[in-house]
Amino acid sequence: MSNHVYLHVVSILLVVVGNYNYVRVFVYGVVDEYGRDDFPAEFVFGSGTSAYQVEGAVLEDGRSFSIWDTFAHSEYGSIGVAVDFAARRPTSSISCFYSGANGDIACDGYHKYKCNFNSFLESDCMWMLQEDIQLMADTGLEAYRFSISWSRLVPNGRGSVNVKGLQFYNDFINRLITHGIQPHVTLHHDDLPQILEDEYGGWISRKSVKDYVAYADVCFREFGDRVLHWTTINEANVYALGGYDVGFLPPGRCSSPFGYINCSRGDSTTEPYLAAHHMLLAHASTVKLYREKYKAMQHGFVGLNVFAYWFEPYTNTTEDVKATQRAHDFYLGWFLNPLVNGDYPEIVKKNAGNRIPTFTELESERIKGSFDFIGINHYSTLYVKDNPSSLETDTRDVLGDMAATLIYGGDDGNGSLPTQFLVNPMGLEKLLNYLKEEYENPPIYIHENGQEQPRNGTLTDTPRVEYLHAYIGALLDAVRNGSNMMGYFVWSFFDLFELLDGYNSGFGLYYVDLDDKELTRYPKLSAHWYAKFLKGKNMSDIILNLKVKDSFSASH
Numbered sequence: 001m002s003n004h005v006y007l008h009v010v011s012i013l014l015v016v017v018g019n020y021n022y023v024r025v026f027v028y029g030v031v032d033e034y035g036r037d038d039f040p041a042e043f044v045f046g047s048g049t050s051a052y053q054v055e056g057a058v059l060e061d062g063r064s065f066s067i068w069d070t071f072a073h074s075e076y077g078s079i080g081v082a083v084d085f086a087a088r089r090p091t092s093s094i095s096c097f098y099s100g101a102n103g104d105i106a107c108d109g110y111h112k113y114k115c116n117f118n119s120f121l122e123s124d125c126m127w128m129l130q131e132d133i134q135l136m137a138d139t140g141l142e143a144y145r146f147s148i149s150w151s152r153l154v155p156n157g158r159g160s161v162n163v164k165g166l167q168f169y170n171d172f173i174n175r176l177i178t179h180g181i182q183p184h185v186t187l188h189h190d191d192l193p194q195i196l197e198d199e200y201g202g203w204i205s206r207k208s209v210k211d212y213v214a215y216a217d218v219c220f221r222e223f224g225d226r227v228l229h230w231t232t233i234n235e236a237n238v239y240a241l242g243g244y245d246v247g248f249l250p251p252g253r254c255s256s257p258f259g260y261i262n263c264s265r266g267d268s269t270t271e272p273y274l275a276a277h278h279m280l281l282a283h284a285s286t287v288k289l290y291r292e293k294y295k296a297m298q299h300g301f302v303g304l305n306v307f308a309y310w311f312e313p314y315t316n317t318t319e320d321v322k323a324t325q326r327a328h329d330f331y332l333g334w335f336l337n338p339l340v341n342g343d344y345p346e347i348v349k350k351n352a353g354n355r356i357p358t359f360t361e362l363e364s365e366r367i368k369g370s371f372d373f374i375g376i377n378h379y380s381t382l383y384v385k386d387n388p389s390s391l392e393t394d395t396r397d398v399l400g401d402m403a404a405t406l407i408y409g410g411d412d413g414n415g416s417l418p419t420q421f422l423v424n425p426m427g428l429e430k431l432l433n434y435l436k437e438e439y440e441n442p443p444i445y446i447h448e449n450g451q452e453q454p455r456n457g458t459l460t461d462t463p464r465v466e467y468l469h470a471y472i473g474a475l476l477d478a479v480r481n482g483s484n485m486m487g488y489f490v491w492s493f494f495d496l497f498e499l500l501d502g503y504n505s506g507f508g509l510y511y512v513d514l515d516d517k518e519l520t521r522y523p524k525l526s527a528h529w530y531a532k533f534l535k536g537k538n539m540s541d542i543i544l545n546l547k548v549k550d551s552f553s554a555s556h
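First residue of the sequence shown? That's 1 in the UniProt record's numbering, and the numbers climb one at a time after it.
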């Protein structure tokens, strides 16, 4: 039986009036009139994705399974679990996980980029490689942030390099550069090779440090002559919490009563701290390797990425104000304090006790200063309420040690949350000022920032335009106030396989039609808006002439 599914494609006519190159659309109390030229010339604007979320081809050309493959194919990836997307933890109101979906095909980025030079003329290969990269160039991206699949490049986790994986990433990087787009590479984006998870438990074992550094060495050696910007681990803090405390991210380790899945393995009281510790050691050792072996020749930069809310006290009581600082210490300080000061925050060590590992003097010296930049993923502001009773419990996880309750600003009191982020650009500005004051104004890239919306086929994503306009304005304010900002990347370039709910929501500038066997890409209003901003074109007045029609049908 055939079901015809119609995609309503909206033809968007942008009628621009006036002759000055400034944006003046929305007002949020931050700068709302700006152009690309208001940012420093060396500041880069881009967008991003990650390997598992776009590539597909999970078992092709020598690639092995990653922990994200395994998680998506597990019982946990096939069920609905209630999760607050904004707070990155479960509630009673929003279904999570993948409902049977996975990244086996995703956006089919591997085939959109890949070309077999033995089977095609070189000119045909260049065209195939450019299909998605041409969209990036047409949008005006100055940089593109993507990740390398460890299990595609080194399928056994260590040892021999997969020649086809190596060719794929070489071709992709070369095409980006040909189009004048800077490649910004993440080495680990939630996708440790499953073979290492099976062998010794992945990041909970110190063996992961040696294997990770060896993998990074391969990447620096093979791509470092063209790649100057390296991020060791994406969202290291959320990865430790979601993967090893509450269990709703790969590899899904947790223990009762803290897990929000049926925990079958793990220890939520110790493993998040252990995994984080090993990630920090791996990061610092990787930076040491790069500086000693590659820096003089390649002149690149290596940093670490963390997820960051802005936290506001729920009330102005002393207790809530102190709880807010604890939230900063446990979410950001957990990773940034070692990088800047060589050790964990005192409150983290005090509340975690002997459940958090200690750094040796040599490790502390190696970790301190082991970054050229900090990558920040920011979407929303949360409110913090003191919760001292959690410290009265002998068995605690990281969130219990924090002794604070996180409250999303859009909660109506009944557990009902909005389907998209509240627009609060002052949160980003305050966050950047906090990082400037607390951590000696480190160089910062905003690696992810964007608006979530239901993935329903609409191309008129006005809320995303509103969000991006407001947050880029806040970013400009932060630059003018002295924050050491290096660049900004919209998440995400495509609607892709999202970390928390698969294909149910999207952040993309481009819609990907999953019902079309070609997985055709369509620019949304936000893609047009971002392109005009990046190219310095006039965005002072936007008139939308919407022509809605059924453009095609897909049969099942």
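Heads up, the beta-carbon is just placed ideally off N, CA and C, and yes, glycines get one too.
Residue i - DSSP class collapsed to helix/strand/coil
i: Arg88; result: Residue placement at Arg88 is poorly supported in this model, since its pLDDT is 38, which falls under 50; the coordinates still yield a value, given next. Here Arg88 sits in coil by DSSP.
i: Glu448; result: strand
i: Asn305; result: strand
i: Ala296; result: helix
i: Lys537; result: coil
i: Leu382; result: strand
i: Glu75; result: helix
i: Asn156; result: coil
i: Glu42; result: coil
i: Ile261; result: coil
i: His283; result: helix
i: Arg36; result: helix
i: Thr231; result: strand
i: Gly487; result: strand
i: Arg253; result: coil
i: Leu241; result: helix
i: Arg145; result: strand
i: Gln420; result: coil
i: Pro338; result: helix
Cβ neighbour criterion (16 or more within 10 Å) applied to residue i
i: Met486; result: buried
i: Leu399; result: buried
i: Asp225; result: exposed
i: Ile177; result: exposed
i: Leu274; result: buried
i: Ala296; result: exposed
i: Ala57; result: buried
i: Lys532; result: buried
i: Leu362; result: exposed
i: Leu435; result: buried
i: Val83; result: Summary for Val83: the model assigns pLDDT 46, below 50, so the residue's position carries little reliability; its value from the coordinates is reported in the next sentence. The residue is buried, with at least 16 neighbouring Cβ atoms inside 10 Å.
i: Thr419; result: exposed
i: Ser151; result: buried
i: Asp37; result: exposed
i: Val348; result: buried
i: residue 558; result: In this structure the chain extends from 1 to 556, so residue 558 is not present and cannot be described.
Beta-carbon separation (whole angstroms), residue i vs residue j, contact threshold 8 Å
i: Lys524; j: Asp461; result: 5 Å
i: Asn157; j: Asp211; result: The identity of residue 157 in the sequence shown is Gly, whereas the question assumes Asn. Contact flag correct, Cβ pair sits at about 6 Å.
i: Leu468; j: Ser526; result: 6 Å
i: Ser208; j: Ala282; result: 7 Å
i: Phe168; j: Tyr113; result: 7 Å
i: Phe307; j: Asn237; result: 6 Å
i: Ser66; j: Asp191; result: 4 Å
i: Arg521; j: Leu135; result: 6 Å
i: Pro443; j: Asn484; result: 5 Å
Residue j beta carbon less than 8 Å from that of residue i
i: Tyr260; j: Gly247; result: yes
i: Glu429; j: Val30; result: yes
i: Gly165; j: Arg63; result: yes
i: Gly375; j: Asn305; result: yes
i: His184; j: Gly342; result: no
i: Phe373; j: Tyr445; result: yes
i: Ala72; j: Gly103; result: yes
i: Ile105; j: Ala143; result: no
i: Trp230; j: Leu187; result: yes
i: Arg355; j: Thr269; result: yes
i: Ala276; j: Ala240; result: yes
i: Phe258; j: Asp397; result: yes
i: Asn351; j: Ala404; result: no
i: Gly473; j: Asp32; result: yes
i: Cys107; j: Leu500; result: no
Take every Cβ of the segment 50-57, pair it with every Cβ of the segment 484-501, and state whether three or more of those distances are shorter than 8 Å. Yes, the segment 50-57 is in contact with the segment 484-501.
Could you tell me whether the segment 249-266 touches the segment 334-353, using the rule of 3 or more Cβ pairs below 8 Å? As far as the Cβ criterion goes, the segment 249-266 does not touch the segment 334-353, which means the pair count is below three.
Contact between the segment 452-459 and the segment 188-198 (3+ Cβ pairs under 8 Å): Not touching, per the Cβ criterion.
Flag this pair as touching only if the segment 375-395 and the segment 313-320 have three or more C-beta atom pairs under 8 Å; answer yes or no. Remark: three or more beta-carbon pairs, one from each stretch, lie closer than 8 Å, so the segment 375-395 and the segment 313-320 are flagged as touching.
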